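Visitor:
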Amino acid sequence: MRKLLNVLYVTSPEAYLGKEGETVLILLNDEVKLRIPIHNLEGIVCFGYTGASPALMHLCAERGVALSFLAESGKFLARVSGRVNGNVLLRRRQYRQADSPEEALQLAKGFILGKIFNCRCVLQRFLRDHEQRGDPPMVQEGVKALTIQLQKTANSRHLDMLRGVEGEGARVYYGVFDHLILEVKDIFTFTGRSRRPPLDAVNALLSFLYTLLAHDCTAALETVGLDPQVGFLHRERPGRPSLALDLMEELRPYLVDRFVVSLINTRQIGATGFVTKESGGVLMTDEVRKNVITAWQKRKQEEVMHPFLGEKIPVGLIPYAQALLLARHLRGDLEAYPPFLMK
Amino acid sequence: MSISYPDSDLLMLSGIQHFAFCRRQWALIHIEQQWQENVLTFSGREMHERADDPFFTEARGAVLVTRSLPLVSRTLGLYGVADVVEFHRDETGIVLKDRPGRWRSYPVEYKYGQPKIDDRDIVQLCAQGICLAEMFGTPVATGDLFYGRTRRRQPVEFDDSLRNRVRELTAGMHELFEKGVTPSAEYSAACKSCSLVEICLPKTGSRRSVRRYLDEALR
Ligand code: SF4
């Protein structure tokens, strides 16, 4: 597997990015705070109003380093990237399969299978690790219900049916998710999934990390030459990275949900740092966001055995590995798409 | 009958070395457009740019050295750029613009590293020879491979069997490019030194069954 390069996250809105030769500079009030050789990076993500010089954009485009600008909330705004990667024939095959109800169904099944399997695994792990705590009967019920949804996934005969199964699975899973959280319950109580806006601190954490993961999935798909906007499960909408969202489905439980639970349960994230606005929406302070990003970066460096490749890879390369396997399947090298099924 | 490829069908000459090494590697680079800049290619380029290299500063009497010469062969359907082409004084040679006398072209291909066990460097050099022969309308019988690691020049004779090998390879390249398919991986000793091994994942080919993987996980 290729080397995991770093993604540089710039969270300070007053920062300005420049370049000097092959080096990225981060400036604060005209003072150089950090220098990083471009060949150590695979992406730069800026939050807030960070500026960047055209010369730096040029360098990033040339070296295939995606330079993304997100709003402070994590919402995607824009990206500077070089010319489109990869094989037009591969993308055509992707479009054809997306247009074929039968092929799209098979692929969508793979993503949902992975999602429900991994959701169930998150619950099973919890049961194993905390036999005496929490509320195991509820969680056990959840595991059973997800097993049924897994069966139904395999038996779905068209996309709408599959979407229904997916919705039911998500209802079950998020229905018991709160039981996984064992610490600081007054702050970290999960009240069901809410997105716009997140209505509690747990949802705020989930939403933020899902955004980071979506960014990684988009970049991974682009790297292997697929079009992140043309999906199989998610309906296309202008500006929506449908395929990246498809790919995310199976990765969310393992990469984000479990991570958020462990951030809270190991008290890496404190009770302070969350603000409830008048509308009920919960925001995180810069402080929390920075802590989350640091922990996330560390998590990405950890190695896991890839269940299909049978090879140890850094967690941060999982989206890339899955994108590669997806391209493999679309190209006809693999008879089906193997989702990432956590152990 | 020999084919004459139009501009739109020309392939990159440098690709012949990839194709000779592994057809899949060539397809990954030239059809899939997957390319990883790795240490080897990067240092290779640096070496070319080094001004103090003895190869470029050597005084060489009746030899003209030209760098980055654009090449094309209509019969092979290849285009590219030669690192170095020398022109040696030769009474039976050709006339060059603004240069008195007659000259014979002599391709020199510069390689980082050392001689390979396979013939990928040799066929690339020979393809350059065929381009030069076609462009100047006179046969080119020999060229040199220069290896950075050993700092040696190794002359290569362009005999019939080598030329045929080049024609076979280029015909294969055009056929594959036309079909747009990437051949599946066959794991071999070559994979260990392949710069695309991390993209290719040669061990994950058809041997691993996705169905079985799913069945085992869902049991
Ligand atoms: S890893 Fe092996 S099969 Fe794959 S491109 Fe390289 S040499 Fe060919």
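In order, the protein sequence lines correspond to chains A and B. Oh and the first sequence: position 148 is 137 in the numbering used here, straight run, nothing missing. Oh and the second sequence: position 138 is 133 in the numbering used here, straight run, nothing missing. Think of the CB as a built atom: it goes at the ideal place given N, C-alpha and C, for glycine as much as any other residue. No experiment lies behind these values; they were computed from the predicted model shown.
1) Using only the alpha-carbon positions, how far apart do HIS47 of chain A and GLU193 of chain B sit?
2) Could you spell out where the alpha helix (DSSP H) holding GLU179 of chain B opens and where it closes?
3) In chain order, what residues of the same chain lie with their CB nearer than 6 angstroms to the CB of GLY40 of chain A, ignoring the 5 residues before and after it?
4) Where does PRO102 of chain B sit, in a helix, a strand or coil, going by DSSP?
5) Restricting to Cα atoms, I'd like to know which of A:ARG160, A:SER145, A:THR283 and A:ARG82 is closest to VAL219 of chain A.
6) Could you work out which residues of chain B lie near ARG320 of chain A, taking near to mean beta carbons separated by less than 9 angstroms?
7) So GLU309 of chain A packs on ARG241 of chain A, CB below 8 angstroms; how close in whole Å?
8) By the DSSP assignment, the alpha helix (DSSP H) with GLN215 of chain B in it spans what residues?
9) Can you name, in chain order, every residue of its own chain whose Cβ lies under 8 angstroms from the Cβ of ALA22 of chain B, other than the five neighbours on each side?
10) Report the option in A:VAL191, A:ASP235, A:GLY164 and A:LEU323 whose CA atom is closest to the CA atom of GLY270 of chain A.
11) Once you ignore the five residues that flank PHE16 of chain B on each side, which residues in its own chain have a CB closer than 7 angstroms to its CB?
12) On the CB-based measure, 16 or more other CB atoms within 10 Å of its CB, does ASN76 of chain A come out buried or exposed?
13) For THR70 of chain B and SER(-1) of chain B, which I take to be in contact (beta-carbon distance under 8 angstroms), what is that distance rounded to the nearest angstrom?
14) Work out the CA separation of ARG18 of chain B and PHE100 of chain A for me, nearest whole Å.
15) Checking 8 angstroms against the spacing of the C-beta atoms, do ILE170 of chain A and VAL250 of chain A come in under that value?
16) What do you reckon, is the C-beta of SER183 of chain B under 7 angstroms from a heavy atom of the ligand SF4?
17) Determine, using beta carbons only, whether PHE51 of chain B comes closer than 8 angstroms to chain A.
18) Can you give the Cα-Cα distance for ALA57 of chain B and PRO95 of chain B, rounded to whole angstroms?
19) Please classify VAL34 of chain A as buried or exposed, where buried requires at least 16 neighbouring CB atoms within 10 angstroms.
20) Quick one: does the C-beta of GLN20 of chain B sit closer than 7 angstroms to a heavy atom of the ligand SF4?
21) With a cut-off of 8 angstroms, does the C-beta of PRO327 of chain A fall near any C-beta of chain B?
22) For a test of your reading of the model: does the CB of LEU314 of chain A fall under 7 angstroms from any non-hydrogen atom of the ligand SF4? Yes or no.
23) Determine whether the Cβ of LEU171 of chain B lies closer than 8 angstroms to any Cβ atom of chain A.
24) Under 8 angstroms between C-beta atoms, does LEU196 of chain B make it to chain A?
25) Under the criterion of a Cβ to heavy atom distance below 7 angstroms, does VAL176 of chain B qualify as lining the ligand SF4?
26) On the premise that VAL213 of chain A lies in contact with LEU313 of chain A, defined as a C-beta separation below 8 angstroms, what is that separation, rounded to the nearest angstrom?
27) Within the same chain, show all residues whose beta-carbon is closer than 8 angstroms to that of ARG317 of chain A, passing over the 5 residues directly before and after it, in chain order.
28) Give me the Cα-Cα distance between GLY305 of chain A and ASP189 of chain A, rounded to the nearest whole angstrom.
29) How about the segment 126 to 133 of chain A and the segment 173 to 188 of chain A: do they share at least three Cβ pairs that are nearer than 8 angstroms?
30) Are TYR142 of chain B and PRO110 of chain B touching if we call contact CB-CB under 8 angstroms?
31) Compile a chain-ordered list of the residues in the segment 276 to 309 of chain A whose CB is closer than 9 angstroms to at least one CB of chain B.
32) Just to make sure I have the definition right: I need the residues of chain A whose C-beta is within less than 8 angstroms of the C-beta of TYR107 of chain B. Which are they?
33) Does the CB of PHE106 of chain A have a neighbour CB from chain B at under 8 angstroms?
34) Is the shortest distance between the beta-carbon of ALA136 of chain B and the beta-carbons of chain A less than 8 angstroms?
35) Mapping DSSP to helix, strand and coil, what is GLU155 of chain A?
36) State the DSSP-derived secondary structure class of GLY145 of chain B, mapped to helix, strand or coil.
Guide: So, from the data block:
1) Mapped onto the first sequence, residue 47 of chain A falls at position 58. Mapped onto the second sequence, residue 193 of chain B falls at position 198. If you take the alpha carbons of HIS47 of chain A and GLU193 of chain B, they lie about 27 angstroms apart.
2) Against the second sequence, residue 179 of chain B aligns to sequence position 184. The question names Glu, but residue 179 of chain B is Ser in the sequence shown. Here SER179 of chain B belongs to no alpha helix (DSSP H), and DSSP marks it neither H nor E.
3) Sequence index remark: in the first sequence, residue 40 of chain A carries index 51 (1-based). So the qualifying residues of the chain are TYR5.
4) Position 107 of the second sequence holds residue 102 of chain B. In this structure, PRO102 of chain B counts as strand in the three-state DSSP scheme.
5) Walking along the first sequence from the start, residue 219 of chain A turns up at place 230. Of the candidates A:ARG160, A:SER145, A:THR283 and A:ARG82, the one whose C-alpha sits nearest the C-alpha of VAL219 of chain A is A:ARG82.
6) Residue numbering aside, residue 320 of chain A sits at position 331 when the first sequence is read from its first letter. Correct list: GLU27, VAL176 and THR177.
7) As a first step, residue 309 of chain A must be located in the first sequence, where it is residue number 320. As a first step, residue 241 of chain A must be located in the first sequence, where it is residue number 252. Before going further, note that residue 309 of chain A is Tyr rather than Glu in the sequence given. Contact flag wrong, Cβ pair sits at about 16 angstroms.
8) The structure shown has nothing for residue 215 of chain B, since chain B only spans -4 to 214.
9) The residue labelled residue 22 of chain B in the question sits at position 27 within the second sequence. Contacts found: LEU171, VAL176, THR177 and PRO178.
10) Translated into the one-based positions of the first sequence, residue 270 of chain A becomes position 281. GLY270 of chain A has its Cα closest to that of A:VAL191, out of A:VAL191, A:ASP235, A:GLY164 and A:LEU323.
11) Sequence index remark: in the second sequence, residue 16 of chain B carries index 21 (1-based). Cβ neighbours of PHE16 of chain B beyond the five flanking positions: ASP113, ARG115 and ALA185.
12) Translated into the one-based positions of the first sequence, residue 76 of chain A becomes position 87. Buried is the call here.
13) Residue mapping note: residue 70 of chain B aligns to position 75 of the second sequence, counting from 1. Residue mapping note: residue -1 of chain B aligns to position 4 of the second sequence, counting from 1. Indeed they touch by this definition, with Cβ atoms about 7 angstroms apart.
14) In the first sequence, counting from the first residue as 1, residue 100 of chain A sits at position 111. In the second sequence, counting from the first residue as 1, residue 18 of chain B sits at position 23. For PHE100 of chain A and ARG18 of chain B, the distance between alpha carbons rounds to 32 angstroms.
15) Position 181 of the first sequence holds residue 170 of chain A. Position 261 of the first sequence holds residue 250 of chain A. In this structure, ILE170 of chain A lies near VAL250 of chain A, with their beta-carbon atoms less than 8 angstroms apart.
16) As a position in the second sequence, residue 183 of chain B is number 188, starting the count at 1. Proximity of the beta carbon of SER183 of chain B to the ligand SF4 is indicated: a heavy atom of the ligand is located closer than 7 angstroms.
17) Position 56 of the second sequence, counted from the first residue, corresponds to residue 51 of chain B. Unreliable positioning characterises PHE51 of chain B in this predicted model, as indicated by a pLDDT of 47, which lies under 50. A coordinate reading is not provided.
18) Start at 1 with the first residue of the second sequence, and residue 57 of chain B comes out as number 62. Start at 1 with the first residue of the second sequence, and residue 95 of chain B comes out as number 100. Between the alpha carbons of ALA57 of chain B and PRO95 of chain B lies a distance of about 12 angstroms.
19) Along the first sequence, one-based indexing puts residue 34 of chain A at 45. Taking all protein chains in view, the Cβ of VAL34 of chain A is crowded by 16 or more other Cβ atoms within 10 Å, so the residue is classified as buried.
20) Along the second sequence, one-based indexing puts residue 20 of chain B at 25. The answer is yes for GLN20 of chain B.
21) Position 338 of the first sequence holds residue 327 of chain A. Taking Cβ atoms only, chain B reaches closer than 8 angstroms to PRO327 of chain A, which makes this a yes.
22) On the first sequence, residue 314 of chain A is found 325 positions in, with the first residue counted as 1. Not so, every heavy atom of the ligand SF4 lies at least 7 angstroms from the Cβ.
23) Here residue 171 of chain B corresponds to residue number 176 of the second sequence, with the count starting at 1. Not an interface residue.
24) Locating residue 196 of chain B in the second sequence gives position 201, where the first residue counts as 1. Chain A, which has a Cβ nearer than 8 angstroms to the Cβ of LEU196 of chain B, makes this yes.
25) Within the second sequence, residue 176 of chain B is the residue found at index 181, counting from 1. For the ligand SF4, not one heavy atom lies less than 7 angstroms from the Cβ of VAL176 of chain B.
26) Along the first sequence, one-based indexing puts residue 313 of chain A at 324. Along the first sequence, one-based indexing puts residue 213 of chain A at 224. Between LEU313 of chain A and VAL213 of chain A, the beta carbon gap of about 5 angstroms places them in contact (Cβ cut-off 8 angstroms).
27) Residue numbering aside, residue 317 of chain A sits at position 328 when the first sequence is read from its first letter. Closer than 8 angstroms at Cβ, skipping near neighbours: LEU323.
28) Position 316 of the first sequence holds residue 305 of chain A. Position 200 of the first sequence holds residue 189 of chain A. Going from the Cα of GLY305 of chain A to the Cα of ASP189 of chain A covers about 27 angstroms.
29) no
30) Here the question's residue 142 of chain B lines up with position 147 in the second sequence. Here the question's residue 110 of chain B lines up with position 115 in the second sequence. The answer is yes: Cβ separation under 8 angstroms.
31) PRO296, PHE297, LEU298, GLY299 and GLU300
32) Mapped onto the second sequence, residue 107 of chain B falls at position 112. Within chain A, no residue has its beta carbon less than 8 angstroms from that of TYR107 of chain B; the closest one is some 18 angstroms off.
33) Working through the first sequence from its first residue, we reach residue 106 of chain A at position 117. Judged by the 8 angstroms Cβ criterion, PHE106 of chain A is in contact with chain B.
34) Counted from its first residue, the second sequence places residue 136 of chain B at position 141. With respect to chain A, the C-beta atom of ALA136 of chain B has no partner C-beta closer than 8 angstroms.
35) Reading the first sequence from its first residue, position 166 is the one you call residue 155 of chain A. Note: GLU155 of chain A maps to helix in three-state DSSP.
36) In the second sequence, counting from the first residue as 1, residue 145 of chain B sits at position 150. Before going further, note that residue 145 of chain B is Thr rather than Gly in the sequence given. THR145 of chain B falls in the coil class under three-state DSSP.
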